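>
Numbering (our numbering), first residue to last: 84 to 504.
1) In the structure shown, what three-state DSSP assignment does residue 152 receive?
2) Where does residue 345 sit, in a helix, a strand or coil, going by DSSP?
3) Just checking my contact of residue 257 with residue 247 at CB under 8 Å: how many whole Å lie between their CB atoms?
4) Counting beta carbon pairs with one atom in the stretch 443–455 and one in the stretch 395–415, are three or more of them shorter than 8 Å?
5) Could you give the uninterrupted runs of the alpha helix (DSSP H) lying entirely in the stretch 289–326, keeping only those of 4 residues or more?
6) Could you pull the start and end residues of the alpha helix (DSSP H) that residue 335 belongs to?
7) Counting beta carbon pairs with one atom in the stretch 288–301 and one in the stretch 453–461, are three or more of them shorter than 8 Å?
8) Could you please give me the residues that DSSP links to residue 213 through a beta bridge?
9) Looking at the secondary structure, which residues open and close the alpha helix (DSSP H) in which residue 435 lies?
10) With distances taken from CA atoms, which of 231, 267, 112 is nearest residue 509?
11) Taking the C-alpha atoms as reference points, what is the distance between residue 109 and residue 168?
12) Contact between the stretch 302–320 and the stretch 168–179: three or more CB pairs below 8 Å?
13) Pull up the CB-CB distance for residue 334 and residue 317, whole angstroms please, since I reckon it's below 8 Å.
14) Is residue 117 near the ligand NAP - that is, is its Cβ less than 7 Å away from at least one heavy atom of it?
15) Report buried or exposed for residue 493, applying the criterion of at least 16 other Cβ atoms within 10 angstroms of its Cβ.
16) In terms of residues, what are the limits of the alpha helix (DSSP H) holding residue 398?
17) State the start and end residues of the unbroken alpha helix (DSSP H) segment that holds residue 272.
18) Going by beta-carbon coordinates alone, are residue 212 and residue 120 separated by less than 8 Å?
19) Which first and last residues belong to the alpha helix (DSSP H) in which residue 112 is found?
20) Leaving out five residues before and five after residue 186 in sequence, what residues of the same chain have Cβ atoms less than 6 Å from its Cβ?
21) Taking DSSP's pairing of strands, which residues face residue 419 in a bridge?
22) Need the endpoints of the alpha helix (DSSP H) that residue 252 sits in, please.
23) Do the CB positions of residue 217 and residue 125 come within less than 8 Å of each other?
24) Rounding to the nearest angstrom, what Cα-Cα distance links residue 245 and residue 482 in this structure?
25) Give the single residue among 372, 348, 413 whose Cα lies nearest to the Cα of residue 336.
26) Who does residue 147 pair with in a DSSP beta bridge?
27) Look at residue 135 and residue 162 and say whether their C-beta atoms are less than 8 Å apart.
28) Checking 8 Å against the spacing of the C-beta atoms, do residue 138 and residue 249 come in under that value?
29) By Cβ distance below 8 Å, which residues in the same chain neighbour residue 491 in space, the five residues on each side in sequence not counted?
30) Would you report the Cα separation of residue 484 and residue 477, rounded to the nearest angstrom?
31) Among residues of its own chain, excluding the 5 on either side of residue 291, which ones have a beta-carbon nearer than 7 Å to its beta-carbon?
32) Does residue 485 come out as helix, strand or coil in the three-state DSSP assignment?
33) Quick check: what's the CA-CA separation for residue 368 versus residue 410?
34) Is DSSP giving residue 257 helix, strand or coil here?
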């Protein structure tokens, strides 16, 4: 009973923090005219601002204190991952227990810096937004910039704390679940807008059906690929089998088709999102021209997205999949891959398999993150929809379900241990 309560408690803690996150999305920064802001974002719902708004859970459209979301943290993480891969000393820091704490502390400081810079950019960008001859800013510039920076910094750091609490005390990865909740929260509004377009005649009923079909097909493709894995058989010596006859030993090594997970699309979106948002908010003709060229759904944006996802897929897979450690652990346990010598040859074999899978995995990620939105935009959708959003939702949902199941199984073993079975 106690174990069951533990799982229920973890789920309730997770839901509680996610609810608090959604409440924060309705608290605006001081000194803005929300009607002008909302009108501006409604006009730009299916471009770069729509992409940014999707990841923030409509917090940008409401100009909430959490409008920047967790993207500053993700940007800081990208920079640190790249630096760790470039400088061995920094990479070694991650592998040490005390070093990992220092590593995460550096990311937090970098997050604060990026948040301040982006908040200043947003505050100046908002000054260029007008409606009905009035400015979106209701107070003087200096006061507004200071209030915006402090409000957004507080909001972003609070979200990071929520994420850490969910990861430590709840179920699943906190940061991923916050992004997940933000994307899911926008679904009802997207459905409502689409129905309104059909009823008003702005969108053909056949186009609405086609959009729905594309979304459903995209979801099924993502689920199919995400559950796919290459299972490499393992054999053990007779001595090892006899020593572990009462234990469950792995008879295969599972290598997922998409080794890098949802990280590459998130990283790619983070890199492209805020420069586009800043350009869109500017009144400069040059900035507007560049923004139009780089708008989501356009050729240049999709090429950039495609290339970045391919790069981050290989980069993150090399970090995520450590063939050397797997080969050493396998040798230590007395296991081997049939037809492959233990040690160095096993490492090379695993690296070769992982590299081939990453080629297909990266292409799958790149295609599913760009093609659906290109098609849906041509059909006249008034909301931003990309495979990236579906990918995040499906992956986070699958990962959370796995962790809930793992927690449930662990609780069962603990209950059996307490009862002496």
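Even for Gly, the Cβ is constructed at its ideal location relative to N, Cα and C. Values in this document were obtained by computation on a predicted structure and should not be read as measured data.
Taking the definition as stated:
1) Here residue 152 sits in coil by DSSP.
2) Here residue 345 sits in coil by DSSP.
3) Contact holds; Cβ gap of about 6 Å.
4) With a cut-off of 8 Å, the stretch 443–455 and the stretch 395–415 count as touching, because enough Cβ pairs lie within range.
5) DSSP runs (the alpha helix (DSSP H)) wholly in the stretch 289–326: 321–326.
6) Careful: residue 335 lies outside any alpha helix (DSSP H), inside the beta strand (DSSP E) at 335–339.
7) Yes: the two stretches touch, three or more of their Cβ pairs being nearer than 8 Å.
8) Looking at the DSSP assignment, residue 213 forms a beta bridge with 218.
9) First-last of the alpha helix (DSSP H) with residue 435: 427–461.
10) Beyond the ends of the chain as shown, which are 84 and 504, falls residue 509; an answer cannot be given.
11) If you draw a straight line from the Cα of residue 109 to the Cα of residue 168, it is about 39 Å long.
12) No: the two stretches stay apart, fewer than three of their Cβ pairs being nearer than 8 Å.
13) Confirmed, Cβ separation roughly 6 Å.
14) Because no ligand of any kind appears in the structure shown, any question about the ligand NAP cannot be addressed here.
15) Classification of residue 493: exposed, given that the 10 Å Cβ count is below 16.
16) First-last of the alpha helix (DSSP H) with residue 398: 382–403.
17) 270–283 is the extent of the alpha helix (DSSP H) around residue 272.
18) Result yes, Cβ atoms of residue 212 and residue 120 sit closer than 8 Å.
19) Careful: residue 112 lies outside any alpha helix (DSSP H) and carries neither H nor E.
20) So the qualifying residues of the chain are 176, 177.
21) Note: residue 419 sits in a beta bridge opposite 318.
22) From DSSP, the alpha helix (DSSP H) with residue 252 extends over 224–252.
23) No.
24) Straight-line Cα distance between these residues: approximately 19 Å.
25) Nearest to residue 336 by C-alpha distance, out of 372, 348, 413, is 413.
26) Bridge partners of residue 147: 111.
27) For the 8 Å CB-CB criterion, residue 135 and residue 162 do not form a contact.
28) In this structure, residue 138 keeps its C-beta atom at 8 Å or more from the C-beta atom of residue 249.
29) Closer than 8 Å at Cβ, skipping near neighbours: 90.
30) Cα-Cα distance, rounded: 10 Å.
31) Taken in chain order, the residues that qualify are 277, 281.
32) If DSSP states are grouped into helix, strand and coil, residue 485 belongs with the helices.
33) Spanning the two alpha carbons is a distance of roughly 57 Å.
34) If DSSP states are grouped into helix, strand and coil, residue 257 belongs with the helices.
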